[in-house]
Ligand SMILES: [Zn+2]
Ligand SMILES: [Zn+2]
């Protein structure tokens with residue numbers, strides 16, 4: 081068996097802002113929200129297992145176009161959502177409806193797709209996507225609203241098909257604008273409910289850590305004895321929220337809800353991955369010449385320069401849609 085982490089998208093919530101003329105918004109390439117797939121292939125090259133992490137805008141198209149999932153190679157053994165925000169969930173209904181239609185057409189068995197998320201996210205999804213939750217998905221809800229930096233029970237799907245030797249352990253993270261309960265209690269901090277999770281994925285060969293969406297208050301990452309840190313440290317690959325280059329607060333003092341590259345550097349120093357993959361890229365809150373409007377190529381050049389000058393661990397990658405990492 082071989083395991084692959086495939087990038088389905090790396091954009092922030094607003095990949096191309098209508099009316100914006102920056103280089104990032106006027107590029108012609110297809111874009112998609114931040115998402116990745118964990119795909120297992122057998123010795124004949126057949127796709128044997130597929131876990132999807134997040135399903136925002138454009139993700140269904142990315143899956144349809146990837147060699148390992150195209151046509152008769154398509155399969156979907158589970159969807160795992162970091163949180164409920166639409167840029168991580170808006171394509172769930174479209175993807176699962178398409179999957180159901182193509183299964184029916186080919187005479188295959190149609191079953192609901194297991195969908196894992198935390199309790200607070202499930203409440204939002206039942207409110208905003210009731211059809212997907214009731215008719216298309218089999219929700220697997222992780223109970224509780226544990227604070228950031230907590231290790232949760234590994235994701236477990238009943239009837240998940242073949243055992244391919246993969247484990248997925250959620251670790252909780254703060255993500256300000258998602259950590260609210262239904263109905264929206266953004267203005268009442270005592271009612272905030274942490275809703276977001278990252279994941280430590282292990283295969284027989286490698287450890288991969290997904291850390292998105294996360295804001296800059298996740299300094300549990302800097303505590304060496306924290307169990308989540310011990311689990312996530314020294315990964316082969318770390319995929320991390322890098323929404324902006326520098327800015328983490330807007331003019332009114334409100335947080336962007338995300339980490340900037342500067343916070344990524346602090347967290348990477350603590351976690352020491354061999355390879356860091358920058359996800360959830362935007363830069364729209366940044367200043368011109370200092371993040372605003374940068375294309376992926378410019379993000380890569382700037383990040384690589386900082387990696388060298390700050391002597392950060394391993395390598396840094398701005399991925400492209402469809403890029404595969406052996407894990
Ligand atoms: Zn997001
Ligand atoms: Zn979010």
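In our numbering, the protein residues as written are 81 to 407.
Where is the CB? At the ideal position from N, CA and C, for every residue including glycine.
Annotation: residue 175 to residue 285 spans about 30 Å, alpha carbon to alpha carbon. Rounded to whole angstroms, residue 177 and residue 128 show a C-alpha spacing of 21 Å. Proximity of the beta carbon of residue 364 to ligand 1 is not indicated: no heavy atom of the ligand is located closer than 6 Å. Across the structure, residue 97 and residue 105 are spaced so that their CA atoms are roughly 6 Å apart. Taking C-beta atoms as the reference points, residue 309 and residue 356 fail to come closer than 7 Å.
Beta-carbon to beta-carbon, residue 322 and residue 339 are separated by about 6 Å, close enough to satisfy the 8 Å threshold. For residue 93, there is no enclosing beta strand (DSSP E), as DSSP marks it with neither H nor E. Between the alpha carbons of residue 231 and residue 248 lies a distance of about 11 Å. When distances are taken from the beta-carbon of residue 376 to the heavy atoms of ligand 1, even the shortest one reaches 6 Å or more. Pairing residue 201 with residue 214, the inter-Cα distance amounts to about 15 Å.
With respect to the 7 Å criterion, residue 194 and residue 220 are classified as neighbours on the basis of their beta carbons.
For the options 183, 119 and 165, the alpha carbon positioned closest to that of residue 274 is the one of 165. A direct Cα-Cα distance of roughly 17 Å separates residue 319 from residue 302. Taking 4 residues as the minimum length, the alpha helix (DSSP H) runs contained wholly in the region 97-150 are 103-106 and 139-145, in order along the chain. Around ligand 2, the residues whose beta-carbon falls short of 7 Å from at least one of its heavy atoms are 93, 163, 165, 167, 168, 255, 257, 258, 293 and 337, given in chain order. A check of alpha carbon separations from residue 208 across 261, 281, 317 and 94 identifies 261 as the nearest.
Restricting attention to alpha helix (DSSP H) runs no shorter than 4 residues, the region 324-352 encloses them at 341-351, ordered along the chain.
Residues of the same chain with a CB within less than 8 Å of the CB of residue 126, apart from the 5 flanking positions on each side, are 153 in chain order. Here residue 136 really is in contact with residue 115; their C-beta atoms are around 6 Å apart, less than 8 Å.
By the neighbour-count criterion, in which 16 or more other beta carbons inside 10 Å mark a residue as buried, residue 191 falls on the exposed side. Residue burial is scored here from C-beta neighbours: residue 254 has at least 16 other C-beta atoms within 10 angstroms and is therefore classed as buried. Excluding residues up to 5 positions away in sequence, 335 and 336 lie with their Cβ nearer than 8 Å to the Cβ of residue 329 in the same chain.
Here DSSP, grouped into helix, strand and coil, assigns residue 307 to helix.
By the neighbour-count criterion, in which 16 or more other beta carbons inside 10 Å mark a residue as buried, residue 159 falls on the buried side. By the 16-neighbour rule on beta-carbons within 10 angstroms, residue 142 is buried. Comparing alpha carbon positions, the residue from 161, 399, 149 and 383 closest to residue 343 is 383.
Leaving aside the five residues that flank residue 387 on each side, the residues in its chain whose CB is nearer than 6 Å to its CB run, in chain order, 396.
Approximately 23 Å separates the beta-carbon atoms of residue 148 and residue 170; this is outside 8 Å, ruling out the contact. Around the beta carbon of residue 368, fewer than 16 other beta carbons lie within 10 angstroms, which makes this residue exposed.
In this model, residue 394 and residue 218 are separated by some 39 Å (Cα to Cα). Of all alpha-carbon atoms in 81, 358 and 95, the one lying nearest the alpha-carbon of residue 373 is that of 95. The three-state reading of DSSP puts residue 207 in helix, counting H, G and I together. Secondary-structure assignment with DSSP links residue 82 through a beta bridge to 121.
Sequence-distant Cβ neighbours of residue 314 in its own chain, meaning closer than 6 Å and more than five residues away, are 352.
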